[in-house]
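Remarks on the structure that follows.
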Amino acid sequence: MNISYKPITALTMGDPAGIGPEICLGTMLDKEIHNVCRPFIIGSIAILDRAAKVLNKQVEFRKIDSPKEARYDYGTIDVLETGDYDTDSIKWGEVQELAGRMAYDFILKSIELGMAKEVDAVSTAPIHKQAIKLIGVKEPGHTEIYQHKTNSEYALTMFSCHKLRVFFVSRHMSLMDACKFASKDEILKDVRYIDKELRNVGISDPIIAVAGLNPHNGDNGLFGTEEITDIGPAVEAAKELGINCIGPCPADSVFNIGKSGKFDAILSLYHDQGHIACKTLDFEKSVTLTFGLPFIRSSVDHGTAFDIAGKGIAGSISMIESTKVVSEYAAKQHEKIIQNETENKKENVKKLA
Numbered sequence: 073m074n075i076s077y078k079p080i081t082a083l084t085m086g087d088p089a090g091i092g093p094e095i096c097l098g099t100m101l102d103k104e105i106h107n108v109c110r111p112f113i114i115g116s117i118a119i120l121d122r123a124a125k126v127l128n129k130q131v132e133f134r135k136i137d138s139p140k141e142a143r144y145d146y147g148t149i150d151v152l153e154t155g156d157y158d159t160d161s162i163k164w165g166e167v168q169e170l171a172g173r174m175a176y177d178f179i180l181k182s183i184e185l186g187m188a189k190e191v192d193a194v195s196t197a198p199i200h201k202q203a204i205k206l207i208g209v210k211e212p213g214h215t216e217i218y219q220h221k222t223n224s225e226y227a228l229t230m231f232s233c234h235k236l237r238v239f240f241v242s243r244h245m246s247l248m249d250a251c252k253f254a255s256k257d258e259i260l261k262d263v264r265y266i267d268k269e270l271r272n273v274g275i276s277d278p279i280i281a282v283a284g285l286n287p288h289n290g291d292n293g294l295f296g297t298e299e300i301t302d303i304g305p306a307v308e309a310a311k312e313l314g315i316n317c318i319g320p321c322p323a324d325s326v327f328n329i330g331k332s333g334k335f336d337a338i339l340s341l342y343h344d345q346g347h348i349a350c351k352t353l354d355f356e357k358s359v360t361l362t363f364g365l366p367f368i369r370s371s372v373d374h375g376t377a378f379d380i381a382g383k384g385i386a387g388s389i390s391m392i393e394s395t396k397v398v399s400e401y402a403a404k405q406h407e408k409i410i411q412n413e414t415e416n417k418k419e420n421v422k423k424l425a
């Protein structure tokens, strides 16, 4: 699909005591980002200015109250602030209640803008889970916050790494619980969501490979029966629904095959199964995307890195990739909507003729 739309993409600054401010600046100073989207930061100018100093960058900031006020000019960074904070009290590399409050406020503002259709995509810098707990946030992380606050039916996590698109049946649970969780119903539900979301970004008949759970797919029940009792039946049920689904595919080879682009998506049965594959292929360019929200959200796949925060040595490659990838998917989603509207108009004209 030929993409011409440049989405409005908000970068949330993340925990102000971490490397978020530095990598957001590094991203905004990358010219390629401005070629694929209209970016701005939801954050704090005072903190960003402090980050610019440790990076030895001369940066001009422009305070805005809404995305409509942004100019999106390369060289000047538009910043939407969420409050008046005692930023002088923020110390690099420490868990602080105020830092948790600011990081959470940035997220809430991005949700507000996304729900109001003022942004097309959100690229999130890392937050510190302990810091947001200090202010009473019950959700364990970004994905759960976005799902709950947008009242979304589901939040479908996808890892993007070169040609690999990896989804997950489960993420943050013990391996024992994850194996039990990978039931026929859960796998089938995820396959249906994957098929829907990939079609929404212009992939007309996505090929979805479902990974196996046991060594050698259980070898006909010798090393486990989940492929026989749950995974295989889920794949067959998906096929009956018209979904182009294959599997179970041995997990020790499916990702290697997938990196060539043979599959449009791979469904990993638990967190590390897919994460290890992607991070081994390219750690810095492994990006997390969240589908199922009213807008597309992405995240770097690293933490706040308190040990190097404020030292001016944090690399921005992952944040650049996060912003680039989510913007590309948002553009595809936009183009698909326009395509559907055009086709619907043509159908209506035919009916009236």
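73 is the number of the first residue of the sequence shown in my numbering; add one for each residue after it. For each residue, glycine too, the CB sits at the ideal point set by N, CA and C.
Beta-carbon spacing of residue i, residue j below 8 Å
i      : j      : result
SER224 : ALA82  : no
GLY387 : VAL238 : no
LEU206 : GLU269 : no
ALA193 : HIS343 : no
ILE279 : ASN316 : yes
GLU304 : PRO320 : Checking the sequence, you will find Gly at residue 304 rather than Glu. Contact flag set, yes.
TRP164 : ALA381 : yes
LYS408 : GLY274 : yes
ALA377 : ILE318 : no
ILE136 : ARG110 : no
ILE114 : THR84  : yes
Buried versus exposed call for residue i [16 or more other C-beta atoms within 10 Å across all chains shown]
i      : result
LEU152 : buried
MET248 : exposed
GLU169 : exposed
ARG271 : exposed
PHE178 : buried
ILE385 : exposed
MET245 : exposed
ASN128 : exposed
VAL219 : The sequence shown places Gln at residue 219, not Val. Flag for GLN219 reads buried.
ILE404 : What sits at residue 404 in the sequence shown is Lys, not Ile. With 16 or more other Cβ atoms within 10 Å, it is buried.
LEU260 : buried
ALA283 : buried
ASP324 : exposed
ILE298 : The amino acid at residue 298 is misidentified as Ile; the sequence shows Glu. So GLU298 ends up on the buried side.
SER138 : exposed
ALA123 : buried
LEU294 : exposed
GLU415 : exposed
THR352 : exposed
PHE355 : exposed
ASP262 : buried
LYS422 : exposed
SER161 : exposed
GLY333 : exposed
ILE410 : exposed
Nearest to residue i (by Cα), restricted to the options the options
i      : options                        : result
VAL209 : ALA175, ARG369, PHE363         : ALA175
ASP150 : GLY165, SER138, ASP344, PHE112 : PHE112
GLY375 : PRO198, LEU361, PRO322         : PRO198
ASN286 : LYS252, THR196, LEU260         : LYS252
VAL191 : LYS163, SER390, LEU365         : LEU365
LEU236 : TYR144, VAL397, ALA402, ASN416 : VAL397
GLU430 : TYR401, VAL126, ASP145, ILE95  : Outside the displayed span of the chain (73 to 425) sits residue 430, for which this structure offers no information.
ALA309 : LYS221, GLU94, LYS256          : LYS256
SER76  : LYS418, GLY296, MET187, GLU400 : GLU400
LEU341 : ASP354, ASN289, ASP267, GLY98  : ASN289
ASP87  : GLY213, LEU339, GLY330, HIS406 : GLY213
ASP158 : CYS109, LYS422, ALA89          : ALA89
SER358 : ASP379, LYS331, GLY92          : LYS331
LYS189 : ILE217, THR222, ASP160, ILE162 : THR222
ILE105 : VAL126, GLN202, SER390         : SER390
ASP156 : ALA142, ALA171, THR148, GLY147 : ALA171
VAL126 : GLY296, PHE335, VAL108, GLY98  : GLY98
LYS311 : ILE348, ASP379, VAL326, ARG264 : ARG264
VAL372 : MET230, GLN202, LYS140         : MET230
Coarse secondary structure for residue i, derived from DSSP in three states
i      : result
THR159 : helix
ASN74  : In this prediction, ASN74 has a pLDDT of 47, which is less than 50 and means its spatial position is unreliable; what the coordinates show is noted afterwards. Coil.
CYS350 : helix
TYR265 : helix
ARG143 : coil
GLU225 : coil
ILE183 : helix
ARG122 : helix
PRO212 : coil
ALA254 : coil
ILE36  : No answer is possible for residue 36: it lies beyond the span of the chain, which begins at 73 and ends at 425.
SER232 : strand
SER371 : strand
THR376 : coil
LEU361 : strand
Cβ distance (whole Å) where residue i is taken to contact residue j below 8 Å
i      : j      : result
SER195 : SER394 : 5 Å
VAL167 : HIS200 : 6 Å
LEU48  : SER276 : Residue numbering for the chain in the displayed model covers 73 to 425; residue 48 lies beyond these limits and cannot be assessed.
ASP102 : ILE392 : 5 Å
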